[in-house]
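Here's the structure we're looking at; comments come further down.
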Amino acid sequence: MLNYTIKRLALAVVIVSVAMFLLFSMIYLIPGDPAAVALGPRATEAMREALRIKMGLDQPVWVQFWNFFANAWTGDLGREVLSERPVSHVVMEQLPFTLALIAGGITWSVALGIPLGCWAAVKRGSWADRVVGVLSVAVIAVPSFVVAIYALLIFAVTLRWLPAIGAGEPGSAGDQLIHLILPSLAVGLGWVGYIARMVRASMLEVLEAQHIRTARAFGLPDRMITYQYALTIAILPTITLLGVGIGQMLSSAVFAEIVFARPGVGKLVYDAILTRNYPLVTGAVLVTTVLFVLINLVADLLIGALDPRVRSRF
Amino acid sequence: MSAADSDTLHSATAAGHLRILRAARRVASEPLGALGIALVALMVGGAVLADWLAAYEPNRISPRDRFLGPSWSHLLGTDQLGRDLFSRVLHGGRIALSVALFSTATSLLIGVALGLIAGYGPRWLDNLLLLLFDSVKSFPTVMLALALVTLFGPSLTAVVVVVVLVNVPGYARIIRTQTLSLKESEFVIAAQSMGAGMGRILRVHILPNVLGPLLILASMDIPVVIAIEAGMSFLGLGVRPPTPSWGSILNDGFTAIRDTPWIAIAGGLPIILTTLGFTFLGETMRDVFDPRLKGRR
Amino acid sequence: MTVLAVSGLNVSFATEGGDLHALRDVSFVVPEKRVVGVVGESGCGKSTLINAILGLLADNGRVSGGRIGFEGQDLTKLGARQMRNLRGLRISTVFQDPMGALNPVLSVGRQMRNIQYRSDLARSEKDARSADLLARVRIPDPEEALARYPHEFSGGMKQRIAIAMALMMEPALLIADEPTTALDATLEVATIELLKNLQEQIGCSVLFISHHLGVVAELCDDVVVMYAGEVVERGAVREVFRRPGHPYTARLLECDPARQSGRTRSLPTIPGEIPDLRHRPPGCIFAPRCTSSTDDCRKAPPERTLGAGHIVRCVHAGAA
Numbered sequence: 064m065l066n067y068t069i070k071r072l073a074l075a076v077v078i079v080s081v082a083m084f085l086l087f088s089m090i091y092l093i094p095g096d097p098a099a100v101a102l103g104p105r106a107t108e109a110m111r112e113a114l115r116i117k118m119g120l121d122q123p124v125w126v127q128f129w130n131f132f133a134n135a136w137t138g139d140l141g142r143e144v145l146s147e148r149p150v151s152h153v154v155m156e157q158l159p160f161t162l163a164l165i166a167g168g169i170t171w172s173v174a175l176g177i178p179l180g181c182w183a184a185v186k187r188g189s190w191a192d193r194v195v196g197v198l199s200v201a202v203i204a205v206p207s208f209v210v211a212i213y214a215l216l217i218f219a220v221t222l223r224w225l226p227a228i229g230a231g232e233p234g235s236a237g238d239q240l241i242h243l244i245l246p247s248l249a250v251g252l253g254w255v256g257y258i259a260r261m262v263r264a265s266m267l268e269v270l271e272a273q274h275i276r277t278a279r280a281f282g283l284p285d286r287m288i289t290y291q292y293a294l295t296i297a298i299l300p301t302i303t304l305l306g307v308g309i310g311q312m313l314s315s316a317v318f319a320e321i322v323f324a325r326p327g328v329g330k331l332v333y334d335a336i337l338t339r340n341y342p343l344v345t346g347a348v349l350v351t352t353v354l355f356v357l358i359n360l361v362a363d364l365l366i367g368a369l370d371p372r373v374r375s376r377f
Numbered sequence: 280m281s282a283a284d285s286d287t288l289h290s291a292t293a294a295g296h297l298r299i300l301r302a303a304r305r306v307a308s309e310p311l312g313a314l315g316i317a318l319v320a321l322m323v324g325g326a327v328l329a330d331w332l333a334a335y336e337p338n339r340i341s342p343r344d345r346f347l348g349p350s351w352s353h354l355l356g357t358d359q360l361g362r363d364l365f366s367r368v369l370h371g372g373r374i375a376l377s378v379a380l381f382s383t384a385t386s387l388l389i390g391v392a393l394g395l396i397a398g399y400g401p402r403w404l405d406n407l408l409l410l411l412f413d414s415v416k417s418f419p420t421v422m423l424a425l426a427l428v429t430l431f432g433p434s435l436t437a438v439v440v441v442v443v444l445v446n447v448p449g450y451a452r453i454i455r456t457q458t459l460s461l462k463e464s465e466f467v468i469a470a471q472s473m474g475a476g477m478g479r480i481l482r483v484h485i486l487p488n489v490l491g492p493l494l495i496l497a498s499m500d501i502p503v504v505i506a507i508e509a510g511m512s513f514l515g516l517g518v519r520p521p522t523p524s525w526g527s528i529l530n531d532g533f534t535a536i537r538d539t540p541w542i543a544i545a546g547g548l549p550i551i552l553t554t555l556g557f558t559f560l561g562e563t564m565r566d567v568f569d570p571r572l573k574g575r576r
Numbered sequence: 067m068t069v070l071a072v073s074g075l076n077v078s079f080a081t082e083g084g085d086l087h088a089l090r091d092v093s094f095v096v097p098e099k100r101v102v103g104v105v106g107e108s109g110c111g112k113s114t115l116i117n118a119i120l121g122l123l124a125d126n127g128r129v130s131g132g133r134i135g136f137e138g139q140d141l142t143k144l145g146a147r148q149m150r151n152l153r154g155l156r157i158s159t160v161f162q163d164p165m166g167a168l169n170p171v172l173s174v175g176r177q178m179r180n181i182q183y184r185s186d187l188a189r190s191e192k193d194a195r196s197a198d199l200l201a202r203v204r205i206p207d208p209e210e211a212l213a214r215y216p217h218e219f220s221g222g223m224k225q226r227i228a229i230a231m232a233l234m235m236e237p238a239l240l241i242a243d244e245p246t247t248a249l250d251a252t253l254e255v256a257t258i259e260l261l262k263n264l265q266e267q268i269g270c271s272v273l274f275i276s277h278h279l280g281v282v283a284e285l286c287d288d289v290v291v292m293y294a295g296e297v298v299e300r301g302a303v304r305e306v307f308r309r310p311g312h313p314y315t316a317r318l319l320e321c322d323p324a325r326q327s328g329r330t331r332s333l334p335t336i337p338g339e340i341p342d343l344r345h346r347p348p349g350c351i352f353a354p355r356c357t358s359s360t361d362d363c364r365k366a367p368p369e370r371t372l373g374a375g376h377i378v379r380c381v382h383a384g385a386a
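Residue numbers (our numbering), protein chains in the order written: chain A, 64 to 377; chain B, 280 to 576; chain C, 67 to 386.
Following this line, the structure appears as C-alpha cells:
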C-alpha cells in the first residue's frame, strides 16, 4: 500500500509539473506584449517597461519558466495585474463556492444514480430497467449548460420555486443550500446517468458471484443480499468514476456559475479572460488542475482503502 | 498487384458493403437506434437543406420584428434583433455539424498518428507521449478551453483545437494498445520476416484491425464535440457574432430569459435533440457492432 | 426415518433449442443421520439437483414433475418465502469453491451474525456462538478471527469457515457440493474427517456431492450414481462399489485414479460424450456409450433390485 501510494504521488507530481510547463508555454506564446495588453492602449512606454520588469518579462525564457515553476510549487501564483492582490488569495476566496457546487453535484448524482442503478439491476430486463437505461443515456448526452438554462427557466423563472441568482445570504446555511439546489443539479445530472449505468453493470456482475449464491443458500433476506452483500461491492468502482466525474463537474461548474451568477473559480476565470487578467487565468487554471489531479489521486487511494482485497495486494 | 489480388479485393469490398447494410438494418430495428437515426436525419437534413427550408436570411436584422413569440410566420419566434430563430437554428446546425465532423476527423488523424508512434516507436517516446496524454487529460475541459482562448482569441479554430486536445489522448491510447498487442502477433512477425516494410505493416496489418472500434468511439464522441462547440459559443469564446450558432442563440436567450423564454428554448432544443440522436445511435451501433466496447465511457 | 425423499423428480430448462431435460425421474432417499453420496461426471445434473432442492433454480428452469419430500412437506410446492425460511435453517449448503463462497468485503463475524438473523439473541451472544463454531472447525483464535476478512485466511481455513457457517443453525440436512475438490490431498482428508465428526455431533444428514469415488467410499453410507440427469444405480456404498450392477458404475470405478494399479500412461476414460439432453434418445440413456448394449437397450430400462435397497436401472442387471 505504501509503495503504491508513493508511486501514485510521484506520478501526480510529474503530471502537475508537465501541466505547469504547458500552461507556461501557453502564456509565453500569447501574441502581443502582456504588459501592453494588461495596461491598455493609453499607457506610456515607460509604464509598460516598468511593468515588464516587475513581471519578470525582461529575463530570459528559462529564467522566467524557472521562476514560474518554483513560485507555483511554493503556492505563489503571482499577483493580479490591477489590484495587485496575490492570485492565490483571490482563487482561494472563490474556491469554497465551487467546491460546494461540486459537492452538491456529487450528492445529486450519488443520491439518484446509486438507487436507480441498483433498482435496474435487481429488476433486470423489466420495463423499469429499460426506462432507467434510456434515461441514463439521455442525461449523459445533454450538455450541462443546457440543463442549467432549462432548469433556470423552468424552476426559477416560470415556477418560481427556487432562486435564480447568487449563492445566498452569507452566513445563512439554509439560504445558501436553497441557492445550491439548481446549479448543483445542472452540474450533477449527467453523472446520475454515468453512476446508474456503472452501478447497474457492476451489480449484475456481483449478483452472479458465488458468494451471493452462498448467501441465498443460507436463506438471507433479499434486501440484506442486495444492499449488504452486493451493493457494498458494486459501488466500489463508482468511487474511481467519481474521481473522473469531479474533473468534469469542474467544467460544468463554470457554466453553472455563469448561468446562476454564482461566485466561484469558474466565473473567476471567465471574467479574468474577458478582462485579460492573465496571471489570474493561469493561477486559477493551475489551482483547478492541481485539485483535479489530487482528487483522482484520492479516489485511487480510497478504493484501495475501502476494498480489503485491493488493500492486501499492495 | 496481381489480378487475383484485385479480385479478392473486389469481393471483399462487396462483402463489406453487404455487411454494413445488414448492420445498419440491425441498428434500425432497435427502437433506440431507430429513434437515433430519425433524430440525426432530422438535424442533418435541416442543416443540409437550410437554404431551402429557412424562410428568412439568418442574419437579417429586422428591428420591427424584435422579440416576437413563436407563430406561423416565425416558427420559433425572433430574437432581440428581430432575426428569425428557426432560420438561425437551421444555419446553426451547419456550423455545429461541420465543426463536429472536421474536428473529429482531425482528432482521428492526429490520434492515429500519435498512437502508432507510441506503439511502434522506441520505449522512451512511448512513455513521453503517455505522460503528455495524462497531463492534457488532467486539465478540466472547460479550463483547457478557457486557457486556449486566451491564446487564439475566440474563434472556430480555438474550438477545433480544444476538441482535438480533448479527443486525441483517448484515440491515441486505443491505437497504441492495439498496436502493441498486434506488434507481437504472429501474422505481423511473419510479415516482418518476409521483408514487409514498417509502412506496409501498419497499413495492411495494423490499421484495419483498429479502425472499427475507433470509428465507433469517434461517432460516440460527436455529441461531446457538439457540446463543446455550443458551450464555447455560449460563453462567447467560439463562433463570432453574427454567425448563427446554437450556443450563441442560447446565450441570447439566457440574457433575455425572464421576458422572452422562447429564445433560450430555440437555442437549447437543437442541442438536446442532436446530442440525444447521436448518443442513441452511437450506443446502439456499439452494442450491435462491438459489444466488447461496452462500458468504455 | 428419512429426512429427504426425492421421488420421480423432473427438472427442465427452457433454452433456445427447446426444453433441456436436466433431471429425469430422479428418486432416492437420505435417511436420518446418514451420509448419502451423489457421484457422476460433470454435467450429470448434480448441481441442478442441489438447486432444485434449495429452490434456487435459474429463472428458465422449473420442476416439471415429481416431489422433494423434506420433513413432511413437498419442497416443490413451497413458495419463495417458505423456501427461504428453510434454507440456512433446516437445509444448509457448503459449496465447492471456498475462495468465492464468502463475501469479500464483509468480516467473517458479520457474515456469521447475518446467518443468525432469524434468532432473537443479542449481538454478543450471536458472536459467541459464531466463535464457538469457528473453534469447532479448528480455526485458531476464533474470537479474533471474527474481525478478519475472508482473504486473510487460507483456502482450507475458508472451507472450514464455510462449514461452520453451514452448521450454524444445526440443520437437519447439509448439502455438501464437492466441498473438497478445490483443496489439496492432505487438506481433503482433514476436511472430510472434520465434516464426519461434526455430522455425528450435530446429528444431521448429509447429501454429499462428489466425483471423487474414494472420498465417497470413505465418508458415505449410501451412494446415488447419476448419468446425464438420471439415477442409474443407488444403494449402500459397499454394495454398489463392490458389485456394481450398472455398466456405467463399473466404468466409473475403472476410471477412478485411485483404483489404478501400477503406472499407466493415460487414465482410462469413458469414450463418447453425454448426449444432448434436448433430444434424448429413447431407451437406456447410457446405451450409446455402453460396450455391452444390445437391442433390448433401445427400450426404456426397468428398475431392477439386486439386493436390499440396491437398485439398478439396466435391462441386463442381475442377468449375468
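Beta carbons are placed, not taken as given, at the ideal position from N, Cα and C, and that holds for glycine.
- Distance from residue 369 (chain B) to residue 333 (chain B) at the Cβ level is roughly 5 Å; contact confirmed, criterion being Cβ atoms closer than 8 Å.
- When 7 Å is used as the limit between beta carbons, residue 226 (chain A) is near no residue of chain B, the shortest such separation being about 13 Å.
- For the C-beta of residue 296 (chain A), the chain C residues within less than 9 Å are, from N- to C-terminus, 169, 170 and 171.
- The beta carbon of residue 360 (chain B) sits closer than 6 Å to the beta carbons of 340 from its chain, once the five residues preceding and following it are set aside; these are given in chain order.
- Residue 373 (chain B) sits in a helix when the DSSP states are folded into three classes.
- According to the DSSP assignment, residue 530 (chain B) belongs to the alpha helix (DSSP H) that extends over 525 to 534.
- Separation of the CB atoms of residue 503 (chain B) and residue 435 (chain B) is rounded to 17 Å, and the pair is thereby denied contact status at 8 Å.
- With fewer than 16 neighbouring CB atoms inside 10 Å of its own CB, residue 132 (chain A) falls in the exposed class.
- Among the residues facing chain B, residue 310 (chain A) is included, as its CB has a counterpart in that chain under 9 Å away.
- In this structure, the beta-carbon distance from residue 258 (chain A) to residue 176 (chain A) falls below 9 Å.
- Your pair residue 352 (chain C) and residue 298 (chain C) checks out as a contact, with CB atoms roughly 6 Å apart and the cut at 8 Å.
- In the DSSP assignment, residue 413 (chain B) falls outside any beta strand (DSSP E) and lies within the alpha helix (DSSP H) extending over 402 to 416.
- With a threshold of 16 other beta carbon atoms within 10 Å, residue 501 (chain B) meets it and is buried.
- In the displayed model, residue 381 (chain B) falls within a helix according to three-state DSSP.
- Its chain contains 155, 156, 157, 158 and 270 as the residues whose beta carbon lies nearer than 7 Å to that of residue 237 (chain C), once the 5 sequence neighbours on both sides are disregarded; these appear in chain order.
- The beta-carbon separation of residue 251 (chain A) and residue 310 (chain A), rounded to 14 Å, does not stay under the 8 Å limit for a contact.
- When secondary structure is reduced to three states using DSSP, residue 235 (chain C) falls in the coil class, being assigned neither helix nor strand.
- Shown here is that no member of the region 446 to 466 of chain B has a Cβ falling below 7 Å from a Cβ of chain A.
- Beyond the five residues adjoining it in sequence on each side, residue 559 (chain B) comes within less than 6 Å, by CB distance, of 311, 314 and 315 in the same chain, given in chain order.
- Between residue 264 (chain A) and residue 181 (chain A), the CB-CB gap reaches or exceeds 9 Å.
- Looking at the DSSP output, residue 87 (chain C) sits in a beta bridge with C:78.
- Taking the Cβ atoms as the reference, residue 400 (chain B) lies roughly 12 Å from residue 451 (chain B), outside the contact range of under 8 Å.
- By the Cβ rule, the region 503 to 514 of chain B counts as touching the region 197 to 215 of chain A, because three or more pairs are nearer than 8 Å.
- Per DSSP, residue 147 (chain C) is one residue of the alpha helix (DSSP H) stretching across 146 to 152.
- As the crow flies, the alpha-carbon of residue 337 (chain A) is around 49 Å from that of residue 190 (chain A).
- Contacts with chain B (Cβ-Cβ distance below 9 Å) from the region 149 to 165 of chain A involve no residue at all.
- Membership of residue 297 (chain C) in the beta strand (DSSP E) is indicated by the continuous run 296 to 302.
- The beta-bridge partner set that DSSP reports for residue 110 (chain A) is empty.
- Taken atom to atom, the span from the alpha-carbon of residue 343 (chain C) to that of residue 146 (chain C) is near 28 Å.
- Residue 370 (chain C) carries a strand assignment under DSSP once its states are collapsed to helix, strand and coil.
- In the DSSP assignment, residue 101 (chain C) falls within the beta strand (DSSP E) that extends over 101 to 105.
- With 16 or more other Cβ atoms from the protein chains shown falling within 10 Å of its own Cβ, residue 288 (chain C) counts as buried.
- Between the alpha carbons of residue 172 (chain C) and residue 222 (chain C) lies a gap of roughly 19 Å.
- For residue 455 (chain B), the number of other beta carbons within 10 angstroms of its own is at least 16, and it is reported as buried.
- Contact annotation, residue 133 (chain C) with residue 142 (chain C): C-beta distance approximately 6 Å; criterion of less than 8 Å satisfied.
- Taking C-beta separations shorter than 6 Å and ignoring five residues to either side along the sequence, the partners of residue 497 (chain B) in its chain run 383 and 387, following chain order.
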